[in-house]
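To start, the structure itself, in structure tokens.
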DNA sequence: CTGTTAGCGCATTCAA
DNA sequence: TTGAATGCGCTAACAG
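Chains as they are written, first to last, in the numbering used here: chain L, 7 to 295; chain D, 7 to 295.
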């Protein structure tokens, strides 16, 4: 009898095309099986690949992901966090636009979990999934120093973003290691964008003597640098060496004289999502006590 | 007195960090001010730029956008549509993975609006925002024919996707226009991916005589083709000409002998979103009668 | 103008 | 096992 009814109900479900209303369910359960992923640049493959890692891990656990793009703007970040809180997401994966703890506090105030990705947030205790930017930069610079370079231009990201600061620390550390002073005219900060990479490279080549090598603090800066070098007909590796953080699109990698530090962005996304889901599960277990 | 209370309430709102629960609101209003954007490839700049157009137009109107990526899979598409329906989105912007009307019917069955982007869906009446793929391809091929090319390889997208089919129609039409027959060994279909572009190009160059020009049906196919050509040290434009649909990343465009057809993806996204929002507004007006 | 109430669709609880 | 009642937080309708 029971089974007969079950079957009847299921038949009706498909026939009528019934789809449960997750708003009502979320309202009732105070859980939505949804997480918010807030990144800073949706056009950067580093983040889109990372987003796929998140997506895959989350959907395996029956969670959905809302993807939001802040364009490195703290204002947009706050807007999106609020919008996601309104939607009662259970947790957040956040690439913070700036190294402030306000966002983390906002999230926690509303009882949601948060895992930070890619960047440190000093002054607050929070889970972070990221790579060692300082070490990565250190090794890239050491590679150049071992090749005999001494005038190495540093094309950095935005100050106030931990990866930009850590990569600069790595640069300084490597230079110090080889007893080379810091030549300030070779150190330039900008954005993590192609435009910025182009412009900083251009400025770098106003100097005389020219640098013999360039460190690009991320993939977009490197692409901008490559663009300038091609336009100015400056040959790699004869006239300049180039090393960079992050992968470059394979289409650019025909030049074997270009050293990159790969970050496992897909795995970072996966790990961060898994960590967040674990936190959510633990909390749930706690609730039942 | 009223104002005093208003102020008191507002003070409490900020003090307590109150954020309205949009689940409850949506449940009550049967409207969520949210649209779902379902695209087929989040790694393709064509779609991410389009997504930004959608995002900007929607947020101007106070709407939020859920971005979902189907990887050209109809199964994933159905899953996401259901998930979005569960979340009671008001409308959909859909890049259909395949030319079937099932998805449109599913959406309409649940009373949501839908605007299709980029691809036709025959056999059902629905708003579509797209470019003229046939004409675009026709012009690119005519360009090659005017340069004197006769052996033009066609590297196409997946059959069953309208843009792939339309672009092939444009190719055939141009060849016919110049009284050139269709040489089937020069016509290859694959995916809209770099891997596919590479592989199809490789196969194309097994032929003898070689083609003198290549038509790539989208940006990724072109990038794959470029990769093969570089690796095989085949020079553009001396040994081969290449034309392609879609923009290529600026880093690749150092070669001036490469003709592209640009689709205004940002504007397409904007227009589609505006159209959808208009439909939603009209419907609302109708409801009040 | 202010205060009260009903009900959106669901899951949980309690009663039968 | 099944059915009916409750309330999640909100807004629209209504009453005072």
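Every residue, glycine too, gets a C-beta built ideally from N, C-alpha and C. Bear in mind that the values here come from a model prediction, so they are computed numbers and not experimental data.
Q) Looking only at its own chain, which residues have a Cβ that is under 6 Å from the Cβ of residue 196 of chain L, when we skip the five neighbours before and after it? A) 202 and 206
Q) What first and last residue would you give for the alpha helix (DSSP H) that runs through residue 108 of chain L? A) 108 to 115
Q: Using a Cβ-Cβ cut-off of 8 Å, state whether residue 7 of chain L counts as contacting chain D.
A: Low confidence applies here, because residue 7 of chain L scores a pLDDT of 43, under 50, leaving its location unreliable and the question unanswered by this model.
Q: Taking residue 225 of chain L as the query, report the chain D residues whose CB atoms sit under 7 Å from its CB, ordered along the chain.
A: The contacting residues do not exist; residue 225 of chain L stays about 10 Å from chain D at best.
Q) Would residue 8 of chain L be called buried (16 or more neighbouring beta carbons within 10 Å of its own) or exposed? A) At residue 8 of chain L the pLDDT is 49, less than 50, meaning the model places this residue with poor confidence; the figure from the coordinates comes in the next sentence. That one is exposed.
Q: Spell out the partners DSSP gives residue 119 of chain L in its beta bridges.
A: L:97
**Q.** Simplified DSSP assignment, three categories, for residue 40 of chain L
**A.** strand
Q | Contact set between residue 32 of chain L and chain D, taken where Cβ atoms lie within less than 7 Å | A | 29
Q.
So residue 25 of chain L contacts chain D; which residues on that side make the cut at Cβ distance below 8 Å?
A. 88, 91, 92 and 116
Q. Going by C-alpha distance, which of D:166, D:291 and D:30 is nearest residue 91 of chain L?
A. D:30
Q.
I believe residue 66 of chain L touches residue 45 of chain L by the beta-carbon criterion, under 8 Å. Please report the beta-carbon distance rounded to the nearest angstrom.
A. Not really, about 20 Å apart at Cβ, beyond 8 Å.
**Q.** Rounded straight-line distance, which links the Cα of residue 228 of chain L to that of residue 199 of chain L
**A.** 9 Å
**Q.** Under 7 Å (Cβ pairs) to chain L, residues found in the region 227 to 245 of chain D
**A.** 229, 232, 233 and 236
Q | Residues sharing a beta bridge with residue 265 of chain D, DSSP | A | D:249
Q) When the distance is taken between beta carbons, is residue 125 of chain D closer than 8 Å to residue 169 of chain D? A) yes
Q. Touching or not, the region 96 to 105 of chain L and the region 278 to 295 of chain L, by the rule of three or more beta carbon pairs under 8 Å?
A. yes
Q.
Less than 8 Å between the beta carbons of residue 188 of chain D and residue 249 of chain D, yes or no?
A. no
**Q.** chain L contact residues for residue 54 of chain D, given Cβ-Cβ distances below 8 Å
**A.** 48, 49 and 54
(Q) Can you give me the C-alpha to C-alpha distance between residue 251 of chain D and residue 217 of chain D, rounded to a whole angstrom? (A) 19 Å
Q) When Cβ atoms are compared, which residues of the region 57 to 78 of chain D fall closer than 8 Å to chain L? A) 57, 58, 61, 70, 72, 73 and 75
Q. What residues in its chain sit with their C-beta under 6 Å from that of residue 121 of chain L, if we drop five residues either side in the sequence?
A. 99, 133, 278, 281 and 282
Q: Closer than 7 Å by beta-carbon distance: list the chain D residues that pair up with residue 256 of chain L, in chain order.
A: 233
Q | Every unbroken alpha helix (DSSP H) inside the region 165 to 199 of chain D [4 residues or more] | A | 168 to 183
Q | Contact under 8 Å by Cβ, residue 59 of chain D with residue 275 of chain D | A | yes
Q: Would you kindly work out how many angstroms separate the C-alpha atoms of residue 61 of chain L and residue 36 of chain D, rounded to a whole number?
A: 28 Å
(Q) Just to check my reading of the structure: residue 140 of chain L and residue 176 of chain L have Cβ atoms closer than 8 Å, yes? What is that Cβ distance to the nearest angstrom? (A) 4 Å
**Q.** Secondary structure of residue 25 of chain L, DSSP reduced to three states
**A.** coil
Q: Count the other CB atoms, across all protein chains shown, that sit within 10 Å of the CB of residue 131 of chain L; report buried if there are 16 or more and exposed otherwise.
A: exposed
Q: With DSSP as the reference, label residue 162 of chain D as helix, strand or coil.
A: strand
(Q) Within 10 Å of its beta-carbon, does residue 129 of chain L have 16 or more other beta-carbons around it, so buried, or fewer, so exposed? (A) exposed
Q: Indicate the three-state DSSP secondary structure (helix, strand or coil) for residue 211 of chain D in the structure shown.
A: coil
(Q) Distance check for residue 171 of chain L and residue 268 of chain D, CA to CA, integer angstroms please. (A) 38 Å
Q) Residues bridged to residue 73 of chain L by DSSP? A) L:43
Q: Give a yes or no on whether the C-beta atoms belonging to residue 144 of chain D and residue 160 of chain D are separated by under 8 Å.
A: no
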